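Below you'll find the structure, written out as structure tokens, and then a few comments.
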Amino acid sequence: MHTGAFWQEEVVYQIYPRSFKDSNGDGIGDIPGIISKLDYLKELGVGIVWLSPVYKSPNDDMGYDISDYEAIMDEFGTMGDWEALLEGLHARGIKLIMDLVVNHSSDEHRWFEESRKSKDNPYRDYYFWRPGKAPGVEPNNWVSVFSGSAWQYDETTDEYFLHLFSKKQPDLNWENPKLRADVYKMMKFWLDKGIDGFRMDVINFISKADGLPDAASGGRYEWGGEFFMCGPRIHEYLREMNEQALSGYDAMTVGEMPGVTPEQAVQFTNPDNKEVNMVFQFETMDIDSGEGGKWNVKPWRLADLKAVTNKWQYGLNGKGWNSLYLNNHDQPRIVSRFGNDSAEYRKLSAKLLATFNHTLQGTPYIYQGEEIGMTNVKFASIDDYKDVETLNYYREAVHERGEPAERVMASIYAKGRDNARTPIQWDDSEQAGFTTGTPWLAVNPNYLDINVAESLRDPDSIFRYYQRLIRLRKQHPILIYGDYEIVAEDHEQIYAYTRTWQGETWLVLLNFSADEARFELPEALQACSEGELTLSNYADAHGGPLKGLTLRAYEARVYKLQ
């Protein structure tokens, strides 16, 4: 699918504002802090910034619980600050997409405050209210994503409201046309201010099955995803959103869609359907999850990564568009999870993963700090963590189920969302140059060695490598639009694939192991046994005949075949 759209050709950089840069010493990142670093983003070469929520919020889920969609959170600054940010980005040729969080609002939103007052309030049907099945028994047995029941009892009207996430995040009822009209009006408010699109938070959850039936297994609290993931009216709602809010603008849309399959993604992203430009799928994020979900961490295998990538690269080729990401504000750090964050291999494996993410077909996303190789963190105590999902998991696992605290903490060290939320490490001064005060979440102690200032000084840094990758993709459309084909699929250490476009072929070789690996060029490619080495994460790698190659630990090479 080659449309030449900006959202295909640029690289996206995600900013989690709370942890990016604090300008006023209160320990919380803010919009003026972001403005002070715009030249850094320009130097990196990204063309789009995705800004995680900066709207008014009580911060139960760190801004993803919104109490006013058209106001800026006081801690982050003013609307004037936000307008200056937009202007500063646009002046540097960088587009801005905002987070759209409309599966749920905050329970402190005016709509919900009205909704809970009485059963006949005009806003009652903006949310899902239901009587219990019996006194003290929830309307159904759905479990919340953040654990526990997905229902919260409210004494005022003696009914329960639905919250698929935190109890302070009641789900919006998209069946209500007035609610939908208000959402579209809010979207146009931001589009009219000049933003360039939206990243849509769990957007495939907005259509719920009629009657909100029990999850089949019949346990007390069970996963009910079959009744709200890609529900019955999801395509209708997205097309209406497009028609009512997006159609008058050149806007990029990316839908976060847990559980989506490539077949469903084709329907969502096919331009003829006028729904979204691309989706965030979660299959790659699940290759290290065992039975029972993310907290049951299992070792991931290269074969699994290849299988999931093949599925999505082949499944969307010519029919839809992939978004390419290996970490974000909800996921652990890329180099700790899929690479090797030891002192010996951190830089090499970070560059290898960057090569992988930027040489597939789709739009690459960089999460703040990824470009300098920031790592996961191991705080000594659960009291040092702030994330609602992590704290709920610890409480349930340790205090309610009696699981060993050490085992639970090991899962948190591997998968907790605060891994991604420690402040950006700008330099080796106190608090990593993030704040002059006490940071809202502690800085990773390795900031003395891993920081932006060090990366900018080092010509062989991860940052400089990302710069080269972004430039390479801009200079060679084959890396954007070329067809993907896996090579030597059964190799246990090397992930190899070609990109082919307009009669040209490039070969990507990635050694995902800490051992040397031998690669023999398959017969089909032996006619092109010469290759111009376009990119390598080892300074002394060289081109020449490709027939048989030995790749060093975590070595990445990109060849233009001849």
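Residues 727 to 1288 (the numbering used here) are what the sequence shown spells out, left to right.
Cβ atoms here follow ideal geometry from the backbone N, Cα and C, with glycine treated the same way.
The model shown is predicted, which means the values in this text are computed figures rather than measured ones.
{"Item": "Rounded straight-line distance, which links the Cα of alanine 991 to that of asparagine 1054", "Value": "20 Å"}
{"Item": "Test item: CB-CB of aspartate 1291 and proline 997 under 8 Å", "Value": "As displayed, the chain neither begins before 727 nor continues past 1288, which places residue 1291 out of reach and without an answer."}
{"Item": "Buried or exposed (CB count within 10 angstroms, at least 16 for buried), arginine 1244", "Value": "exposed"}
{"Item": "Classification of threonine 1231 by the beta-carbon crowding that lies within 10 angstroms, buried from 16 upward", "Value": "buried"}
{"Item": "Length of the line joining the Cα atoms of lysine 934 and serine 870", "Value": "14 Å"}
{"Item": "Helix, strand or coil at glycine 981 [DSSP, three-state]", "Value": "strand"}
{"Item": "Nearest candidate by alpha-carbon position, reference asparagine 899, set Gly923, Ala860 and Asn829", "Value": "Asn829"}
{"Item": "Unbroken beta strand (DSSP E) run spanning leucine 777, endpoints", "Value": "774-777"}
{"Item": "Residues that DSSP places opposite leucine 1235 in a beta bridge", "Value": "Ala1222 and Arg1283"}
{"Item": "Closest by C-alpha distance to glycine 950, when choosing among Phe931, Leu964, Tyr963 and Arg965", "Value": "Phe931"}
{"Item": "Sheet register partners of asparagine 1102 (DSSP bridge)", "Value": "Looking at the DSSP assignment, asparagine 1102 forms no beta bridge with any residue, so it has no partner."}
{"Item": "Beta-carbon proximity check, lysine 747 vs glycine 755, cutoff 8 Å", "Value": "yes"}
{"Item": "Expected contact under 8 Å - CB spacing of leucine 777 and aspartate 833 to nearest Å", "Value": "Actually they do not touch by this definition, with Cβ atoms about 24 Å apart."}
{"Item": "Rounded separation between leucine 888 and glycine 945 - CA only", "Value": "18 Å"}
{"Item": "Per-residue DSSP class, three states only, for histidine 830", "Value": "strand"}
{"Item": "Unbroken stretches of the alpha helix (DSSP H), 4 residues or longer, contained in the region 1245-1279", "Value": "none"}
{"Item": "Extent of the continuous beta strand (DSSP E) to which arginine 925 belongs", "Value": "923-926"}
{"Item": "Contacting residues, own chain, Cβ-Cβ under 7 Å from glutamate 1115 (five flanking each side not counted)", "Value": "Phe872 and Arg1143"}
{"Item": "7 Å Cβ shell around glutamate 1258 - same chain, five flanking residues per side excluded", "Value": "Gly1269, Tyr1285, Lys1286 and Gln1288"}
{"Item": "Integer Cβ distance of aspartate 807 from isoleucine 757, believed to fall under 8 Å", "Value": "4 Å"}
{"Item": "Beta-carbon gap between leucine 681 and proline 988 smaller than 8 Å", "Value": "The chain is shown only over 727 to 1288; residue 681 falls outside these bounds and no answer can be derived."}
{"Item": "Given 8 Å, three or more beta-carbon pairs between the region 842-849 and the region 791-811", "Value": "no"}
{"Item": "Counterpart residues of asparagine 1048 in DSSP-defined beta bridges", "Value": "Val1005"}
{"Item": "Sufficient close CB pairs (3 or more, under 8 Å) joining the region 1097-1115 to the region 1143-1157", "Value": "yes"}
{"Item": "Close beta carbons around glycine 1208, own chain, < 6 Å, minus the five adjacent residues each side", "Value": "Arg1225, Thr1226 and Trp1227"}
{"Item": "Test item: CB-CB of alanine 925 and isoleucine 823 under 8 Å", "Value": "Note that residue 925 is arginine in the sequence shown here, rather than alanine. It is a contact, given that the beta carbons lie within the stated cut-off."}
{"Item": "Continuous beta strand (DSSP E) stretch holding alanine 1020: start and end", "Value": "Residue 1020 is actually lysine in this sequence, not alanine. Residues 1019-1023."}
{"Item": "For tryptophan 877, the first and last residue of its enclosing beta strand (DSSP E)", "Value": "877-880"}
{"Item": "Element boundaries [alpha helix (DSSP H), containing isoleucine 741]", "Value": "That residue, isoleucine 741, is in no alpha helix (DSSP H); its beta strand (DSSP E) goes 738-741."}
{"Item": "Own chain partners of tyrosine 1223 with C-beta closer than 7 Å, once the 5 adjacent residues on each side are dropped", "Value": "Tyr1210, Glu1211, Ile1212, Val1213 and Val1234"}
{"Item": "Residue closest to aspartate 1175, alpha-carbon to alpha-carbon, out of Ser1155, Thr1161, Pro1185 and Phe1238", "Value": "Ser1155"}
{"Item": "Start and end residues, beta strand (DSSP E) containing isoleucine 798", "Value": "794-798"}
{"Item": "Host beta strand (DSSP E) of glutamate 1211 (start-end)", "Value": "1209-1213"}
{"Item": "Spatially closest choice to alanine 1279 from Phe1006, Ile1220, Ala1123 and Glu1246, by CA coordinates", "Value": "Ile1220"}
{"Item": "Glutamate 1242: first and last residue of the uninterrupted alpha helix (DSSP H) it sits in", "Value": "Glutamate 1242 -> no alpha helix (DSSP H), and no H or E assigned at all."}
{"Item": "One or two residues paired with phenylalanine 887 in a DSSP bridge", "Value": "Trp855 and Gln878"}
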